[in-house]
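FYI, in my numbering the residues of the sequence shown are 172 to 460. Notes to accompany the following structure.
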Amino acid sequence: MSDSNLKLLRDRIDKIDQKLQQLLNERADISIQVKAVKTDKKSKLKPGREAQILRSIVGRQSGNFPKTSLIKLWREILSASVKLQGEFKVAIQSLNDRDIGINDMVDGVRTHFGTNTSIVYLPSIAEVIRSIQLEKCTIGVLAMPTNNQNFWWIDLVEYLNTLQHSQEKIKIIAKLPIIFNPDNSTEYLIIAKCEPDSSGNDNTFLTVEARKELTSGFIQDHLNTNSLKLKIIADYNGKKKSDYFLYLLLANGFIRETDREFKDLELHSLENSLDIKILGNYAEPIELN
172 MSDSNLKLLR DRIDKIDQKL QQLLNERADI SIQVKAVKTD KKSKLKPGRE
222 AQILRSIVGR QSGNFPKTSL IKLWREILSA SVKLQGEFKV AIQSLNDRDI
272 GINDMVDGVR THFGTNTSIV YLPSIAEVIR SIQLEKCTIG VLAMPTNNQN
322 FWWIDLVEYL NTLQHSQEKI KIIAKLPIIF NPDNSTEYLI IAKCEPDSSG
372 NDNTFLTVEA RKELTSGFIQ DHLNTNSLKL KIIADYNGKK KSDYFLYLLL
422 ANGFIRETDR EFKDLELHSL ENSLDIKILG NYAEPIELN
């Protein structure tokens, strides 16, 4: 290729870069206008809408630009828009930023919310929840619960039990990473003081407080319906009471307290002396195939 042809191609790239920068600034201006229109000036997360945007981008991508890089680029754009609309801080449980045990979590936070995201390190789950309740932090990022570790969801249940019905609650609103990887065993959940929004392909976390030990068979026979399938993710009996059992359940779909299927589930729960709550929802990770 001649030097003149190479210069022409580079000039075209420069013009595209200028257009991209102009469009990004226009988008930022609109984000600021959105903030001005809102009656509530706090930063409001819409992870469901963000997941919809990313799925649409992946779905229409047919060019040579890698989908993974496209997702990362748009995550930076979306996160910048959120930060333009209000202060944004992430709380995680750690004694300090030198704790090597949280490196993967910090990397996950910065990958999803942007490289310049402000992270606050707090010594306990209770402090993470409190910082969000007092609006000192916008969100908390916590490790995915399993049946033998990451019992922070119990603190969240106890926090919810202290609230009045009308109070705005902290809930699970999203899951990281947003890109599906079958080989990835490191997953996190995001909690925030806002209502989750549906992406169209979601899951719901619920908890059940029981006076007796429950089995998967009991869940199948007494709580599952044609439209609602529950499975036990984790259980807890740490209060050392013979009549206290707490279960973390997962259901397919986006379920709210006002939905008929949840009202039916509440009725079935009461009939079996169970107390059931919704902890939140998250969008299914995006598959790039």
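Heads up, the beta-carbon is just placed ideally off N, CA and C, and yes, glycines get one too.
It is roughly 51 Å from the alpha-carbon of R183 to the alpha-carbon of N321. The continuous alpha helix (DSSP H) containing K254 extends over residues K238 to L255.
DSSP links V291 through a beta bridge to A262. In this chain, the beta strand (DSSP E) harbouring I361 covers Y359 to A363. Rounded to whole angstroms, the separation of the alpha carbons of A207 and Q256 is 9 Å.
Here the alpha carbons of S387 and Y359 stand approximately 25 Å from one another.
According to DSSP, residue pairing for Y453 in a beta bridge involves N374. Remark: C-beta atoms of N423 and N374 approach each other more closely than 8 Å. Here the alpha carbon of D435 sits roughly 25 Å from the alpha carbon of A345. The three-state secondary structure of Y330, taken from DSSP, is helix. In this structure, V379 sits away from I290, with a CB-CB distance that is not shorter than 8 Å. Around the Cβ of E221, a 10 Å sphere holds 16 or more other Cβ atoms; the residue is buried. Here T239 is exposed: its Cβ has fewer than 16 other Cβ atoms, across all protein chains shown, within 10 Å. Residue pairing of N196 in beta bridges, as defined by DSSP: absent, with no partner found. Excluding residues up to 5 positions away in sequence, G279, H283 and Y359 lie with their Cβ nearer than 6 Å to the Cβ of L347 in the same chain.
Your pair G219 and P316 does not check out as a contact, with CB atoms roughly 21 Å apart and the cut at 8 Å. L401 is bridged by DSSP to A422.
In the structure shown, I228 adopts helical secondary structure according to DSSP, grouped into three states.
Take K402, set aside five residues on each side of it, and the residues of its chain with a beta-carbon closer than 6 Å to its own are L421, in chain order. The alpha carbon of L313 has as its nearest neighbour, out of I361, L177 and Y415, the alpha carbon of I361.
Checking the DSSP bridge columns, you'll see E380 partnered with L417 and D446.
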